[in-house]
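Chemist: Take this structure, written in structure tokens, and hold onto it; I'll ask about it next.
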């Protein structure tokens with residue numbers, strides 16, 4: 004079903020609002036933690052509720068191979084499977100598959116399973132069927148994402164194939180007897196950093212009347228400032244009353260830049276992956292807790308945030324657990340980073356509501372750019 | 004300071020009571036989860052509070068090498084270090100050191116660090132000093148634990164050396180300017196499965212007037228029934244008004260057998276280690292969740308316990324997380340096993356209070372022996 008966006012406040016092009024889906028509502032801007040195989044590493048759905056997460060992402064590629072979409076479906080779909088009452092979203096599986104250098108044709112992609120080496124085919128229709136079985140509230144079409152930089156010809160081919168696949172995916176989704184009553188399907192805009200191709204891709208995607216829209220293929224290696232105008236070229240074409248999602252972006256400076264250009268939703272493995280390696284998001288920027296200077300520190304991770312759920316454990320203790328590879332370290336640091344980023348997004352939302360987004364963004368750039 | 008035991012109910016020789024230390028009180032029988040390096044794997048002190056744990060064990064061997072007892076001391080001692088308000092207990096380090104086949108003399112043991120290969124010496128006095136620095140509420144003397152079966156000569160040598168070391172450790176502890184005002188030191192009874200040597204070791208340990216008493220060197224490979232009488236020979240000699248601790252025992256049948264012979268405190272890595280490998284403690288006995296039959300199961304781990312903190316997640320979901328090695332699995336299964344065992348000990352305590360311990364123990368044997 005169509006995911007609607009109700010605007011509460013606008014500050015420049017930054018939007019604070021509410022997205023409504025078949026599941027219910029969530030407020031935006033929104034950061035969605037990534038639960039690759041049906042769980043955010045080291046956390047349970049209870050932890051995610053306590054952190055105030057609203058939407059959890061699952062990776063179709065991984066879930067279709069293990070435990071298999073049929074098992075997720077038989078156990079009630081991704082949300083019930085993970086005992087998670089909030090929203091769920093699945094990618095199409097394409098991003099992981101393309102990293103495996105598959106054989107690609109207009110038909111789809113053929114790749115080898117990392118689990119047992121078996122040959123698997125991923126088509127636009129198959130990605131729809133698999134995601135319907137997995138049953139996330141929001142599913143993504145299979146697209147073709149080019150690395151940057153790429154030649155115009157490569158970007159053009161990816162754009163055209165993405166549009167072709169989007170038509171077939173939309174048709175497959177709408178042809179399912181019940182999916183479109185319960186679930187939402189988002190289209191994906193490609194086009195590299197070429198403004199005209201971004202606008203064209205956005206227009207061709209919007210023509211298919213998706214339930215929401217994502218921008219893909221940006222922040223994939225190019226400098227942050229290089230995607231500002233291409234992003235604007237895309238969002239200018241997207242309907243104002245539907246949610247907009249920037250795929251795979253999770254650094255604070257990037258998030259404010261994208262929100263400034265009308266984006267509502269984000270996901271990224273960055274905060275959780277950094278945490279597992281001992282790097283923390285703090286009011287002073289990134290902090291590598293493995294550094295020897297923290298060995299005897301009795302301070303909490305971020306003294307500026309005494310209300311953090313991990314403020315009770317000292318840097319010295321957490322560093323020790325990291326050094327001896329105790330899994331409790333990865334857990335507590337993951338909680339910190341997600342809490343910090345979710346609070347950051349909440350603060351950003353408040354600044355939009357208060358009409359102080361520009362000041363907020365300037366402060367973020369000073370710290371994080 | 005002397006740890007006192009206040010008896011609330013006795014059923015046969017099974018005791019339900021309260022232990023008082025410099026930190027405060029905890030009720031017995033008591034199972035103490037093991038936080039080897041300052042954390043129970045995958046859990047934080049907040050989790051342990053929510054589970055109702057009362058005493059957490061730390062391993063001196065690991066903590067003295069990483070982060071070093073000086074760092075634990077400078078960060079306030081083990082409890083404050085781990086942000087844990089309850090009781091803490093450290094072993095002497097001997098158990099781990101002896102597994103490294105060190106050079107042993109009357110002086111002490113010399114071994115190589117597993118971290119960097121450096122030569123380290125562990126003496127009765129050093130074990131006291133290190134544990135005072137680590138600062139757990141209860142510390143253990145350095146003893147010599149023989150494998151079973153061993154010859155009488157080996158058991159005798161271990162007994163005599165344990166007694167010699169206990170004298171030196173007690174003297175060292177009492178000679179410290181403040182330790183004995185805040186902390187409690189427990190002696191350890193050895194003697195293999197020989198009744199006379201067990202009784203002798205207990206008498207010689209009690210003569211040193213420790214703050215509490217442990218029984219070591221039992222349940223180290225011999226059949227469960229083989230340690231019943233030697234344990235009785237030891238506990239018969241121990242003062243009724245001080246706590247008694249059976250080191251390294253964690254299976255339900257063993258726990259009831261030891262409680263039936265007057266033991267109050269237990270520790271074991273078993274419930275947490277089993278959990279990490281997918282084996283659960285349930286009302287139907289041990290259950291290996293990796294079995295294929297659970298792949299599509301929507302049931303909770305133990306349908307008999309809907310109030311388990313992990314009852315919300317299905318066997319199928321948890322099995323999937325185990326199969327793909329998601330750390331969330333180890334966490335949730337660890338919570339289950341500790342919750343289950345702590346509840347088991349609570350139920351046992353209730354049965355002692357109600358005078359139905361014998362029935363309780365019979366039920367446990369039917370399920371677990």
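Chains as they are written, first to last, in the numbering used here: chain A, 4 to 372; chain B, 4 to 372. Backbone N, C-alpha and C define an ideal beta-carbon position, used for all residues, glycine too.
1) Comparing the C-beta of residue 70(A) with each C-beta of chain B, is any distance below 7 Å?
2) Apart from the five residues just before and just after residue 235(B), which ones in its own chain have a Cβ nearer than 7 Å to its Cβ?
3) Hey, residue 175(B) and residue 110(B): beta-carbon distance below 7 Å or not?
4) Here's the rule I'm using: 16 or more other beta-carbon atoms within 10 Å means buried, otherwise exposed. How should residue 100(B) be labelled?
5) Tell me, please, whether the CB atom of residue 12(B) is closer than 7 Å to any CB atom in chain A?
6) Using a Cβ-Cβ distance under 7 Å, would residue 198(A) count as near chain B?
7) Cβ atoms of residue 34(A) and residue 269(A): under 7 Å apart, would you say?
8) Taking only beta-carbon positions, decide if residue 327(A) is within less than 7 Å of chain B.
9) Which stretch, first to last residue, makes up the beta strand (DSSP E) that contains residue 113(A)?
10) So with Cβ pairs under 7 Å, would you call residue 86(B) a contact of chain A?
11) Here's the rule: buried if 16 or more other CB atoms are within 10 angstroms of the residue's CB, otherwise exposed. What is residue 359(A)?
12) Compute the Euclidean distance between the alpha carbons of residue 23(A) and residue 61(A), then round it to the nearest angstrom.
13) Taking 7 Å as the threshold (beta carbon to beta carbon), is residue 74(A) in contact with chain B?
14) Given that residue 42(A) touches chain B, what residues does it touch there, using C-beta distances under 7 Å?
15) Along chain B, which residues have their Cβ under 9 Å away from the Cβ of residue 277(A)?
16) Output the boundary residues of the alpha helix (DSSP H) element that contains residue 353(A).
17) Can you list, in chain order, the stretches of the alpha helix (DSSP H) that have 4 or more residues and sit fully within the segment 159-199 of chain B?
18) Compare the C-beta of residue 321(B) against all C-beta atoms of chain A and say whether one is closer than 7 Å.
19) Excluding five sequence neighbours on each side, which residues of the same chain lie with their C-beta closer than 6 Å to the C-beta of residue 147(A)?
20) Give, in chain order, every residue of the segment 294-307 of chain A whose Cβ lies closer than 7 Å to some Cβ of chain B.
21) Just to make sure I have the definition right: I need the residues of chain A whose C-beta is within less than 8 Å of the C-beta of residue 45(B). Which are they?
22) Around the C-beta of residue 340(B), are 16 or more other C-beta atoms found within 10 angstroms, so that it is buried, or is it exposed?
23) Could you tell me how far apart the beta carbons of residue 371(B) and residue 254(B) are, in whole angstroms, since I believe they sit closer than 8 Å?
24) Residue 169(B) and residue 190(B) look like a contact to me (Cβ under 8 Å); what is the Cβ gap, rounded to whole Å?
25) Assess, as a yes-or-no matter, whether the segment 223-239 of chain B is touched by the segment 316-328 of chain B under the definition of 3 or more beta carbon pairs within less than 8 Å.
26) Would you grab the beta carbon distance between residue 46(B) and residue 285(B) for me? Rounded to a whole angstrom, and I think it's under 8 Å.
27) By a C-beta neighbour count over all protein chains shown, 10 Å radius and 16 as the cutoff for buried, is residue 246(B) buried or exposed?
28) Looking at residue 137(B) and residue 92(B), is the spacing between their C-beta atoms short of 7 Å?
29) Runs of 4 residues minimum, wholly inside the segment 33-59 of chain B: which ones carry the alpha helix (DSSP H) assignment?
30) Would you check if there are 3 or more beta carbon pairs closer than 8 Å linking the segment 8-21 of chain B to the segment 345-359 of chain B?
31) Among 222(A), 210(A), 320(A) and 37(A), which one has its Cα closest to the Cα of residue 149(A)?
32) In chain A, which residues lie less than 8 Å from residue 52(B) when you measure between Cβ atoms?
33) With DSSP run on the structure shown, which of helix, strand or coil describes residue 137(A)?
34) Output, in chain order, the set of chain B residues within a Cβ distance shorter than 7 Å of residue 138(A).
Modeler: Let's see:
1) Residue 70(A) belongs to the set of residues whose beta carbon lies under 7 Å from a beta carbon in chain B.
2) Counting only Cβ-Cβ distances below 7 Å, and skipping sequence neighbours, we find 264.
3) No, they are not a contact pair.
4) By the neighbour-count criterion, in which 16 or more other beta carbons inside 10 Å mark a residue as buried, residue 100(B) falls on the buried side.
5) False, the Cβ-Cβ gap to chain A never drops below 7 Å.
6) Not an interface residue.
7) Yes; because the gap between Cβ atoms is below 7 Å, this pair is in contact.
8) Yes, because at least one Cβ of chain B sits closer than 7 Å to the Cβ of residue 327(A).
9) Residues 112-115.
10) When Cβ-Cβ separations below 7 Å define contact, residue 86(B) makes contact with chain A.
11) Exposed, because fewer than 16 other Cβ atoms sit within 10 Å of the Cβ of residue 359(A).
12) Whole-angstrom Cα-Cα distance: 20 Å.
13) By this cut-off, residue 74(A) is an interface position.
14) Correct list: 324, 329 and 331.
15) Around residue 277(A), no beta-carbon contact reaches into chain B at under 9 Å, the shortest distance being about 16 Å.
16) Residues 330-357.
17) The segment 159-199 of chain B is shown to contain whole alpha helix (DSSP H) runs of 4 or more residues at 182-185, in chain order.
18) Taking 7 Å as the CB threshold, residue 321(B) stays off the interface with chain A.
19) Excluding residues within five positions, the ones whose Cβ falls inside 6 Å are 161, 164 and 165.
20) Here the close residues are 298, 299 and 301.
21) Chain A residues near residue 45(B): 45, 330, 331 and 334.
22) When all chains shown are included, residue 340(B) counts as buried.
23) Indeed they touch by this definition, with Cβ atoms about 7 Å apart.
24) So it is a contact: roughly 5 Å between Cβ atoms.
25) The segment 316-328 of chain B is not in contact with the segment 223-239 of chain B.
26) By a beta-carbon distance limit of 8 Å, residue 46(B) does not contact residue 285(B). Their separation comes to about 20 Å.
27) Label assigned to residue 246(B): buried.
28) No, the pair does not count as a contact, with Cβ atoms beyond the cut-off.
29) Entirely contained in the segment 33-59 of chain B, the alpha helix (DSSP H) runs reaching 4 residues are, in chain order, 48-54.
30) Contact between the segment 8-21 of chain B and the segment 345-359 of chain B is present, because at least three Cβ pairs lie under 8 Å.
31) The shortest C-alpha separation from residue 149(A) is found at 222(A).
32) What residue 52(B) touches in chain A: nothing, since even the nearest Cβ is about 11 Å away.
33) In this structure, residue 137(A) counts as helix in the three-state DSSP scheme.
34) For residue 138(A), there are no neighbours in chain B by C-beta distance under 7 Å, as the nearest C-beta there is about 14 Å away.
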